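Residue numbers (this note's numbering), protein chains in the order written: chain Y, 918 to 1075; chain P, -12 to 370.
Everything on this sheet refers to the single structure shown next.
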């Protein structure tokens, strides 16, 4: 099948070219949303201005003790990737973060899912007093989407 | 199935070799973009699993190098496409539409039967004519280029922010571009494109251009106009918004519309001139499409290119020669993609440096501006 010298049948070639083109149209079309805010179109679609959701989200991330009092963050190296997550609070900061965890997200909930996955993994690597937990609160009011909020708490390893 | 009748093989080899180089450059560039993404993906995962995406990237890059060397192109292209799919399955955050386009081209390389190019063929001054072959790869690339433009038009026309309101262009020039880079083009364009009328006009111009480009490219009589407009559009977009590998895949795709091997451009060079001698010796190496024939002059005279009855001399000839070789696109791609992690070059923003280099080169394409100085410079190189 992979021999470069195999004589190709014109019918097979036409089918190959057509199937590749039709397949990508089928992937792109269901994600098309004319109400989407900039950058306009999503994954598998051809517009120069496709990209991550321009959410209007805010994020609060805290490390708290058993009485819900904030604890200081553990010392992180200057190049620790989690610094960007801790620092992302405002909508522009969230947009920059979403490039790294949920590019081309179609809904605010997709960003929440990606954050849940990341923060649950990180919480297992943190060391804090017994009973401490990592709390995350994401609130979004993105255009053309219903208001979205989610709050999660993960226990932190002592 | 007239579309797939055997054709000259220059386009197939050009696309194969050119796409291989773009895949390698695109992957090299992606490493910088993927580095922070994979760092976050690795948080809290076992070390062996955390290394898996990086191992996939290394394996993909090795496959890309094999493609560049012309070694079992279809097998390595298929392997690379599979590795890229595995990387996406493992870490979906590495997704980008530009890489999706590159992945589709890799898949086309794997699926379209074609004879392999080779490093020897790419670099030979006296290239043997490729054997005729069904132009499956070229047909796919033509269709893909058309699809990208037309889907882009559909997205724009159906979005309330496009459709001639000017809002989209204003958002791009005031929000998107300043957030994305420190290039020199947006500060120049912003005062103009912030004007609602000019923003609306430029929206319609972009939509109209994207709608017409495939039609212009498919028609042999309007192809040259299509190439000129398309190159201008992609160069402006690249220097303004830096879509990176996307620009170069599209520009290389223009070579799929040409059959090649026609030796349609005869270049008369002066063997007593060092510049002419060097061009005659080396240009055929980068003339992958087989468009030129080089003939020495009997008497001293300018470098002259016979462009279907019109004689172009010196810089005018060099301008046209530059558009005949895919290596021009690859050199531009290398300029944009080779230093992915560099934010600054000699204290200047990297984007601004690229803008300045492209602006300097573009001066050679302004008719009449540098023609005389270049003719005088050439004259100093006579033996």
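In this text, a Cβ means the ideal position worked out from N, Cα and C, and glycines have one as well.
These numbers come from a predicted model, not from an experiment.
Contact list for residue i against chain C, beta-carbon separation under 8 Å
{"i": "residue 139 (chain P)", "result": "Given the protein chain composition of this structure (Y and P), no chain C is represented."}
Closest residue to residue i among the options (Cα-Cα distance)
{"i": "residue 228 (chain P)", "options": "P:101, P:130, P:81, P:162", "result": "P:162"}
{"i": "residue 1048 (chain Y)", "options": "Y:985, Y:1008, Y:1038", "result": "Y:985"}
{"i": "residue 232 (chain P)", "options": "P:0, P:214, P:11", "result": "P:11"}
{"i": "residue 42 (chain P)", "options": "P:67, P:310, P:327", "result": "P:67"}
{"i": "residue 169 (chain P)", "options": "P:2, P:357, P:6, P:331", "result": "P:331"}
{"i": "residue 281 (chain P)", "options": "P:319, P:258, P:297", "result": "P:258"}
{"i": "residue 27 (chain P)", "options": "Y:958, Y:1069, Y:1019, Y:1064", "result": "Y:1019"}
{"i": "residue 294 (chain P)", "options": "P:303, P:286, P:288", "result": "P:303"}
{"i": "residue 45 (chain P)", "options": "P:32, P:18, P:69, P:357", "result": "P:18"}
{"i": "residue 1022 (chain Y)", "options": "Y:939, Y:936, Y:933, Y:962", "result": "Y:962"}
{"i": "residue 1024 (chain Y)", "options": "Y:1075, Y:990, Y:1062", "result": "Y:1062"}
{"i": "residue 264 (chain P)", "options": "P:218, P:368, P:140", "result": "P:368"}
{"i": "residue 105 (chain P)", "options": "P:97, P:95, P:117", "result": "P:117"}
{"i": "residue 124 (chain P)", "options": "P:112, P:179, P:92", "result": "P:92"}
{"i": "residue 197 (chain P)", "options": "P:176, P:142, P:87", "result": "P:142"}
{"i": "residue 240 (chain P)", "options": "P:297, P:260, P:88", "result": "P:88"}
{"i": "residue 55 (chain P)", "options": "P:7, P:70, P:39, P:24", "result": "P:7"}
Residue i (DSSP reduced to helix, strand or coil)
{"i": "residue 336 (chain P)", "result": "strand"}
{"i": "residue 980 (chain Y)", "result": "strand"}
{"i": "residue 868 (chain Y)", "result": "Examination of residue 868 (chain Y) is not possible in this model, given that chain Y is present from 918 through 1075 alone."}
{"i": "residue 283 (chain P)", "result": "strand"}
{"i": "residue 211 (chain P)", "result": "helix"}
{"i": "residue 292 (chain P)", "result": "strand"}
{"i": "residue -5 (chain P)", "result": "coil"}
{"i": "residue 198 (chain P)", "result": "helix"}
{"i": "residue 256 (chain P)", "result": "strand"}
{"i": "residue 1051 (chain Y)", "result": "strand"}
{"i": "residue 954 (chain Y)", "result": "coil"}
{"i": "residue 3 (chain P)", "result": "helix"}
{"i": "residue 263 (chain P)", "result": "helix"}
{"i": "residue 35 (chain P)", "result": "helix"}
{"i": "residue 352 (chain P)", "result": "coil"}
{"i": "residue 299 (chain P)", "result": "strand"}
{"i": "residue 117 (chain P)", "result": "coil"}
{"i": "residue 112 (chain P)", "result": "coil"}
Assigned exposure category for residue i - 16 Cβ within 10 Å defines buried
{"i": "residue 920 (chain Y)", "result": "For residue 920 (chain Y), the predicted structure reports a pLDDT of 45, less than 50, and the residue's modelled location is therefore unreliable. A value from the coordinates is still provided. The residue in question, residue 920 (chain Y), is exposed, as its Cβ has fewer than 16 Cβ neighbours within 10 Å."}
{"i": "residue 1101 (chain Y)", "result": "Only positions 918 to 1075 of chain Y appear in this structure, which leaves residue 1101 (chain Y) out of reach."}
{"i": "residue 234 (chain P)", "result": "buried"}
{"i": "residue 132 (chain P)", "result": "buried"}
{"i": "residue 1007 (chain Y)", "result": "exposed"}
{"i": "residue 349 (chain P)", "result": "exposed"}
{"i": "residue 1004 (chain Y)", "result": "exposed"}
{"i": "residue 1057 (chain Y)", "result": "buried"}
{"i": "residue 355 (chain P)", "result": "exposed"}
{"i": "residue 956 (chain Y)", "result": "buried"}
{"i": "residue 951 (chain Y)", "result": "exposed"}
{"i": "residue 274 (chain P)", "result": "buried"}
{"i": "residue 226 (chain P)", "result": "buried"}
{"i": "residue -5 (chain P)", "result": "buried"}
Euclidean distance between Cα positions of residue i and residue j
{"i": "residue 48 (chain P)", "j": "residue 341 (chain P)", "result": "25 Å"}
{"i": "residue 102 (chain P)", "j": "residue 21 (chain P)", "result": "33 Å"}
{"i": "residue 249 (chain P)", "j": "residue 277 (chain P)", "result": "7 Å"}
{"i": "residue 351 (chain P)", "j": "residue 14 (chain P)", "result": "31 Å"}
{"i": "residue 918 (chain Y)", "j": "residue 157 (chain P)", "result": "Low per-residue confidence applies at residue 918 (chain Y): pLDDT is 40, beneath 50, and the placement is therefore not dependable, though the value from the model is reported in the following sentence. Straight-line Cα distance between these residues: approximately 51 Å."}
{"i": "residue 61 (chain P)", "j": "residue 941 (chain Y)", "result": "21 Å"}
{"i": "residue 53 (chain P)", "j": "residue 1026 (chain Y)", "result": "41 Å"}
{"i": "residue 960 (chain Y)", "j": "residue 57 (chain P)", "result": "31 Å"}
{"i": "residue 164 (chain P)", "j": "residue 969 (chain Y)", "result": "15 Å"}
{"i": "residue 953 (chain Y)", "j": "residue 136 (chain P)", "result": "20 Å"}
{"i": "residue 999 (chain Y)", "j": "residue 189 (chain P)", "result": "41 Å"}
{"i": "residue 34 (chain P)", "j": "residue 122 (chain P)", "result": "46 Å"}
{"i": "residue 927 (chain Y)", "j": "residue 160 (chain P)", "result": "47 Å"}
{"i": "residue 218 (chain P)", "j": "residue 370 (chain P)", "result": "37 Å"}
{"i": "residue 965 (chain Y)", "j": "residue 2 (chain P)", "result": "23 Å"}
{"i": "residue 934 (chain Y)", "j": "residue 97 (chain P)", "result": "12 Å"}
{"i": "residue 996 (chain Y)", "j": "residue 23 (chain P)", "result": "10 Å"}
Cβ-Cβ distance between residue i and residue j below 7 Å
{"i": "residue 238 (chain P)", "j": "residue 255 (chain P)", "result": "no"}
{"i": "residue 247 (chain P)", "j": "residue -2 (chain P)", "result": "yes"}
{"i": "residue 973 (chain Y)", "j": "residue 1059 (chain Y)", "result": "yes"}
{"i": "residue 1069 (chain Y)", "j": "residue 30 (chain P)", "result": "no"}
{"i": "residue 262 (chain P)", "j": "residue 363 (chain P)", "result": "no"}
{"i": "residue 324 (chain P)", "j": "residue 16 (chain P)", "result": "yes"}
{"i": "residue 307 (chain P)", "j": "residue 299 (chain P)", "result": "yes"}
{"i": "residue 186 (chain P)", "j": "residue 153 (chain P)", "result": "yes"}
{"i": "residue 976 (chain Y)", "j": "residue 1055 (chain Y)", "result": "yes"}
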